[in-house]
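Chemist: Shown below is the structure under consideration.
2 protein chains.
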Amino acid sequence: LVELKQVTKDYRMGEISVQALKDIEIDIDKQSFVSFVGPSGSGKTTLLNLIGCLDKPSSGEVFVNGTAVNTLSNKEAAQFRGQYLGFIFQNFNLLPVLTTYENVEYPLIMVQNIKANERKKRIMHYLDAVGIADQKDKYPSQLSGGQKQRVAVARALVTDPKLVLADEPTANLDHDSAFKIIELMRQMKRDFKTAFIFSTHDPKIVKEAEIIYTLEDGKIVGKKIGAS
Amino acid sequence: LVELKQVTKDYRMGEISVQALKDIEIDIDKQSFVSFVGPSGSGKTTLLNLIGCLDKPSSGEVFVNGTAVNTLSNKEAAQFRGQYLGFIFQNFNLLPVLTTYENVEYPLIMVQNIKANERKKRIMHYLDAVGIADQKDKYPSQLSGGQKQRVAVARALVTDPKLVLADEPTANLDHDSAFKIIELMRQMKRDFKTAFIFSTHDPKIVKEAEIIYTLEDGKIVGKKIGAS
Ligand SMILES: Nc1ncnc2c1ncn2[C@@H]1O[C@H](COP(=O)(O)OP(=O)(O)OP(=O)(O)O)[C@@H](O)[C@H]1O
Ligand SMILES: Nc1ncnc2c1ncn2[C@@H]1O[C@H](COP(=O)(O)OP(=O)(O)OP(=O)(O)O)[C@@H](O)[C@H]1O
Ligand SMILES: [Mg+2]
Ligand SMILES: [Mg+2]
Numbered sequence: 751l752v753e754l755k756q757v758t759k760d761y762r763m764g765e766i767s768v769q770a771l772k773d774i775e776i777d778i779d780k781q782s783f784v785s786f787v788g789p790s791g792s793g794k795t796t797l798l799n800l801i802g803c804l805d806k807p808s809s810g811e812v813f814v815n816g817t818a819v820n821t822l823s824n825k826e827a828a829q830f831r832g833q834y835l836g837f838i839f840q841n842f843n844l845l846p847v848l849t850t851y852e853n854v855e856y857p858l859i860m861v862q863n864i865k866a867n868e869r870k871k872r873i874m875h876y877l878d879a880v881g882i883a884d885q886k887d888k889y890p891s892q893l894s895g896g897q898k899q900r901v902a903v904a905r906a907l908v909t910d911p912k913l914v915l916a917d918e919p920t921a922n923l924d925h926d927s928a929f930k931i932i933e934l935m936r937q938m939k940r941d942f943k944t945a946f947i948f949s950t951h952d953p954k955i956v957k958e959a960e961i962i963y964t965l966e967d968g969k970i971v972g973k974k975i976g977a978s
Numbered sequence: 751l752v753e754l755k756q757v758t759k760d761y762r763m764g765e766i767s768v769q770a771l772k773d774i775e776i777d778i779d780k781q782s783f784v785s786f787v788g789p790s791g792s793g794k795t796t797l798l799n800l801i802g803c804l805d806k807p808s809s810g811e812v813f814v815n816g817t818a819v820n821t822l823s824n825k826e827a828a829q830f831r832g833q834y835l836g837f838i839f840q841n842f843n844l845l846p847v848l849t850t851y852e853n854v855e856y857p858l859i860m861v862q863n864i865k866a867n868e869r870k871k872r873i874m875h876y877l878d879a880v881g882i883a884d885q886k887d888k889y890p891s892q893l894s895g896g897q898k899q900r901v902a903v904a905r906a907l908v909t910d911p912k913l914v915l916a917d918e919p920t921a922n923l924d925h926d927s928a929f930k931i932i933e934l935m936r937q938m939k940r941d942f943k944t945a946f947i948f949s950t951h952d953p954k955i956v957k958e959a960e961i962i963y964t965l966e967d968g969k970i971v972g973k974k975i976g977a978s
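Chains A and B are the protein sequences, given in the same order.
For my numbering, count along the first sequence from 1 and bump the result up by 750.
For my numbering, count along the second sequence from 1 and bump the result up by 750.
Pasting the structure below:
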């Protein structure tokens, strides 16, 4: 499903080069709940961005669903993302000029040509599942931090993607709201075989993982089978 | 130190009025670690904004350090904040055109007229204490989520404020980074008698609290003495 071979990622800052990822080797085959953990700054978001086709490695190859995504043009990457992926951003990235409902509707219109009544059914299903149906007409600036986070979650899931990249999806949520999200993801894994790759500091999510990769300073320093 | 009397906060949305806070009564006297907990959307950020003079109640009074802050003009509120308060925002609110060092330096220049070498000592002290001294020349767009959060923490503390409002200050942090922050705050309470009011979902922070207020749907539904 996801494969990384000899992947590195450097950021150039004037004369200096920051090595955000060093010599990454990953092979995610049939596991559908994979979690990356590690200290702040260890490279989790950078790694998710490479798998999610939002960025390219400095060297090495990234395969998703058989496609060498590091070779795609920007246009092809956007198309690939729209078709197969869902991305929950660490800072949400909601469109400020769209309401909750419109933000979640956006990927359905942009990429998937779904009829209006079918769209509405789907959007309301996911808004209900994450507990923010009553916020559907508000703009992001009128939402609490955890409400924005849940809009980001609903938007990533509404297209029923093959693979969801979730960057700290519960960071701003209380216990109960977090469990709603986890339950929704469990249900999608069961019913649609959706695969999830998390970057997280939340032990509630790590507990669900089948495989846990530990990152430190841009390197993978550990890989273990989850308790679930 | 902080007193709220019959405070309400409504947000008007066209014809509808959202009651974000209803009939809030709070008296925080000598406790220096107070935590607000409650579900996403229950009103924690709204409450912190009122105490931190960033917003005004729809009715009722808010007293901080004896001053009726709900009666201050915008200019007076800004001055009051600069003199007594530190605020850690849920979404960080870093200035994108300033580096880490400059973001933390900002309140020292704007409000407190501290000499250059004394400023440098202080800034480096707090950057070290939260673990991001090596990120001092980067811009916010070049930082990880948890690094941005720690810049926000350092900036709020660098002026040695009387009262710190911390809105989910550890949401994006791993265990060890979160404990660095908690330890720094404990030390400031001990050495400077700094008072802290948290809004948080993090049990590590709630464990430190002397008083825990529970919010639900804009109301205070519980108040208990902390375990510490
Ligand atoms: N400008 C606004 N207009 C309308 N409603 C608002 C506005 N700002 C906040 N609200 C609503 O007020 C309620 C309380 O918001 P608040 O941000 O205080 O919650 P919170 O407890 O901090 O939540 P979280 O844990 O998710 O950060 C929410 O239901 C939110 O949607
Ligand atoms: N555009 C950039 N330029 C320079 N350095 C960068 C850039 N983007 C990220 N970095 C650095 O790369 C490292 C890894 O960042 P990344 O965002 O992947 O960390 P993370 O594991 O997601 O951290 P967190 O848990 O805090 O979110 C960090 O040290 C960060 O400062
Ligand atoms: Mg990150
Ligand atoms: Mg909040």
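In this text, a Cβ means the ideal position worked out from N, Cα and C, and glycines have one as well.
Can you tell me whether residue 921 of chain B is buried or exposed, with buried defined as 16 or more other CB within 10 angstroms of its CB?
Modeler: The residue is buried, with at least 16 neighbouring Cβ atoms inside 10 Å.
Chemist: How would you write the range of the beta strand (DSSP E) that residue 964 of chain A sits in, first residue to last?
Modeler: Element bounds for residue 964 of chain A: 961-966.
Chemist: Going by other Cβ atoms of all chains shown within 10 Å of its Cβ, with 16 needed for buried, is residue 816 of chain B buried or exposed?
Modeler: With fewer than 16 Cβ atoms within 10 Å of its Cβ, residue 816 of chain B is classed as exposed.
Chemist: Under a Cβ-count criterion, where at least 16 other Cβ atoms within 10 Å of its own Cβ denotes burial, should residue 787 of chain A be classed as buried or exposed?
Modeler: When all chains shown are included, residue 787 of chain A counts as buried.
Chemist: When burial is assigned at 16 or more other CB atoms within 10 Å of the CB, is residue 957 of chain A buried or exposed?
Modeler: Residue 957 of chain A comes out exposed.
Chemist: Say the cut is 6 Å; is the CB of residue 804 of chain B nearer than that to a heavy atom of ligand 1?
Modeler: Residue 804 of chain B Cβ: outside cutoff for every heavy atom of ligand 1.
Chemist: For residue 821 of chain A, which of helix, strand or coil comes out of DSSP?
Modeler: The answer is helix: DSSP assigns residue 821 of chain A an H, G or I state.
Chemist: Using a C-beta to C-beta distance shorter than 7 Å, which residues of chain B count as neighbours of residue 789 of chain A?
Modeler: Per Cβ cutoff of 7 Å: 924, 926, 927.
Chemist: Would DSSP call residue 903 of chain B helix, strand or coil?
Modeler: Residue 903 of chain B: helix per DSSP, three-state reduction.
Chemist: What did DSSP end up calling residue 836 of chain B once you bin it into helix, strand or coil?
Modeler: DSSP places residue 836 of chain B in strand when its eight states are reduced to three.
Chemist: Comparing C-alpha positions only, which one of A:967, A:866, A:918, A:869 sits nearest to residue 699 of chain A?
Modeler: The shown model of chain A, from 751 to 978, leaves out residue 699 of chain A, and the question about it has no answer.
Chemist: Leaving out five residues before and five after residue 800 of chain B in sequence, what residues of the same chain have Cβ atoms less than 6 Å from its Cβ?
Modeler: 807, 812.
Chemist: Comparing alpha-carbon positions, which option in A:753, A:761, A:762 lies nearest residue 810 of chain A?
Modeler: Of the candidates A:753, A:761, A:762, the one whose C-alpha sits nearest the C-alpha of residue 810 of chain A is A:753.
Chemist: Give me, in chain order, the residues of the same chain whose beta-carbon lies closer than 8 Å to that of residue 805 of chain A; leave out the 5 immediate sequence neighbours on both sides.
Modeler: Cβ neighbours of residue 805 of chain A beyond the five flanking positions: 759, 796, 799.
Chemist: Going straight from the alpha carbon of residue 910 of chain B to that of residue 769 of chain A, what length do you get?
Modeler: Their backbone Cα atoms lie some 35 Å apart in a straight line.
Chemist: Identify whether residue 889 of chain B lies in helix, strand or coil by the three-state DSSP scheme.
Modeler: Three-state DSSP puts residue 889 of chain B in coil, outside helix and strand.
Chemist: Tell me the DSSP secondary structure of residue 934 of chain A in three-state form.
Modeler: If DSSP states are grouped into helix, strand and coil, residue 934 of chain A belongs with the helices.
Chemist: Could you tell me whether the segment 899-915 of chain B touches the segment 773-787 of chain A, using the rule of 3 or more Cβ pairs below 8 Å?
Modeler: Contact between the segment 899-915 of chain B and the segment 773-787 of chain A is absent, because fewer than three Cβ pairs lie under 8 Å.
Chemist: Examine chain A for any beta-carbon lying closer than 7 Å to the beta-carbon of residue 896 of chain B, and answer yes or no.
Modeler: It does: the Cβ of residue 896 of chain B has a partner Cβ on chain A nearer than 7 Å.
Chemist: Compile a chain-ordered list of the residues in the segment 830-841 of chain B whose CB is closer than 8 Å to at least one CB of chain A.
Modeler: Going along the segment 830-841 of chain B in chain order, one finds 840, 841 with a Cβ nearer than 8 Å to chain A.
Chemist: Tell me, please, whether the CB atom of residue 921 of chain B is closer than 7 Å to any CB atom in chain A?
Modeler: Yes - at least one Cβ of chain A is within 7 Å of the one on residue 921 of chain B.
Chemist: Anything in chain A within Cβ reach of residue 963 of chain B, meaning under 7 Å, just list it in chain order.
Modeler: Those within 7 Å of residue 963 of chain B in chain A number zero; the least Cβ separation is about 14 Å.
Chemist: Start and end of the beta strand (DSSP E) containing residue 754 of chain A?
Modeler: Run containing residue 754 of chain A: 752-763, per the beta strand (DSSP E) assignment.
Chemist: Under three-state DSSP, which class holds residue 778 of chain B?
Modeler: In this structure, residue 778 of chain B counts as strand in the three-state DSSP scheme.
Chemist: Is the beta carbon of residue 988 of chain A within less than 6 Å of some heavy atom of ligand 2?
Modeler: Residue 988 of chain A lies beyond the stretch modelled for chain A, which goes from 751 to 978, so this question has no answer here.
Chemist: Please tell me whether, using a cut-off of 6 Å, the distance from the CB of residue 790 of chain A to the nearest non-hydrogen atom of ligand 2 is below it.
Modeler: True, at least one ligand heavy atom lies under 6 Å from that Cβ.
Chemist: Compute the distance between the beta-carbons of residue 794 of chain B and residue 913 of chain B, then report whether it is under 7 Å.
Modeler: It is not a contact, given that the beta carbons lie outside the stated cut-off.
Chemist: Buried or exposed, going by whether 16 or more other CB atoms sit within 10 Å of the CB of residue 762 of chain A?
Modeler: The residue is exposed, with fewer than 16 neighbouring Cβ atoms inside 10 Å.
Chemist: Using a Cβ cut-off of 8 Å, which residues of the segment 754-766 of chain B contact any Cβ in chain A, in chain order?
Modeler: For the segment 754-766 of chain B, which is checked against every Cβ of chain A, the residues closer than 8 Å are 761, 763.
Chemist: Determine, for residue 875 of chain B, whether the minimum Cβ-Cβ distance to residues of chain A falls below 7 Å.
Modeler: It does not: the Cβ of residue 875 of chain B has no partner Cβ on chain A nearer than 7 Å.
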